[in-house]
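Since the structure comes first, as structure tokens, the remarks are kept for the end.
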Amino acid sequence: MSQKNNLHIIIAEDDDDDADVICETFNQNPHFGKVSLVSNGEELLNYLKDSSNENPDVILTDINMPIVDGIEALQQILNNSSLKDIPCFVYSTSINPSYKEKCDVLGVKAYLIKPYSFEAFAEIPKTILSIIEG
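Residue numbers (our numbering): 4 to 137.
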């Protein structure tokens with residue numbers, strides 16, 4: 004893990020408004036030095052497979068996205084020996100228990116419910132930090 008004050012997170016989010024808000028909350032958190040954004044699971048996988056990109060310290064993905072959804076992407080990430088140690092988090096508006104169960108089986112660190120207010124979005128980086136710092 005990188006220094007706690009210079010973490011790199013990659014976020015997969017297909018909704019432009021949610022992407023703006025979640026990126027802003029991580030950019031405002033002093034522990035995250037780099038925030039990368041992709042718009043679906045396929046882009047996330049391509050980013051991670053591109054050897055010119057450094058692996059991020061944290062992955063945060065929405066579930067319901069076009070082309071490759073978050074769970075499909077996480078299955079590939081968490082079954083890849085060079086990526087499986089990256090802490091992965093899901094955030095979604097869906098409270099579907101089967102999604103949470105799939106994430107638990109995969110080894111996702113936390114299943115976060117996507118909030119409805121900007122203030123609540125600001126809690127997501129804090130929650131992720133508290134989990135990865137143990």
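Glycine is no exception: its CB is placed at the ideal position from the N, C-alpha and C atoms.
Residue 12 places its beta carbon less than 8 angstroms from that of residue 29. Annotation for residue 28: the continuous alpha helix (DSSP H) segment containing it runs 19-31.
For the segment 56-87, the continuous beta strand (DSSP E) assignments of 3+ residues that do not extend past its boundaries occur at 61-64, in sequence order. With respect to residue 74, residue 66 sits close: the two C-beta atoms are nearer than 8 angstroms. Looking at 19, 8, 24, the one whose alpha-carbon comes closest to that of residue 127 is 24.
Residue 91 holds the alpha-carbon nearest to the alpha-carbon of residue 107 among 16, 91, 57, 56.
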